[in-house]
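Student:
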Amino acid sequence: MARKKRFSQGDDVSWQSHGQNVGGSVTRKIDKRTEAADRTVDASEEEPQYEVRSAKTGKKAVHRPESLTPKKGSDGKRGSGQEHQATARPLRRGRQHDCGRAGDMAQYRTVP
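Each step along the sequence shown adds one to the number in this note's numbering, with nothing skipped, and position 45 is 49.
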């Protein structure tokens, strides 16, 4: 039998939600029946669940440990919460195309 995953408060994790990969951090371990994330969580010492907070939206959710994946930092350890965020869009090189419609290429900044 595979070893069960264990997480601690503050661990950076990711999970799947509606077909998307979501990242966040563990806010607490739940090991008894309780109310969390707007629902009743039926957890126990043998089968704990984890409350997580989305880094993007700040919303809380509760997941079983098998649905969570630890995030890796650049040093190979679990993430520190200070991961680099990619830029929204790469810059376009060269001259802008002037086709008479101002909005077509307006979102690209020209880089020499």
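All C-beta atoms, glycine included, are put in the ideal place defined by N, C-alpha and C.
Secondary structure at residue 52, three-state DSSP: helix, strand or coil?
Tutor: Sequence index remark: in the sequence shown, residue 52 carries index 48 (1-based). DSSP places residue 52 in coil when its eight states are reduced to three.
Student: Can you tell me where the beta strand (DSSP E) with residue 64 in it begins and where it stops?
Tutor: Along the sequence shown, one-based indexing puts residue 64 at 60. Element bounds for residue 64: 64 to 67.
Student: Please say whether residue 55 and residue 66 have beta carbons closer to each other than 8 Å?
Tutor: Position 62 of the sequence shown, counting from 1, holds the residue named residue 66. Position 51 of the sequence shown, counting from 1, holds the residue named residue 55. Yes, they are a contact pair.
Student: If you reduce the DSSP assignment to three classes, tell me which class residue 12 lands in.
Tutor: By one-based count along the sequence shown, residue 12 stands at place 8. Reduced to three states, the DSSP call for residue 12 is coil.
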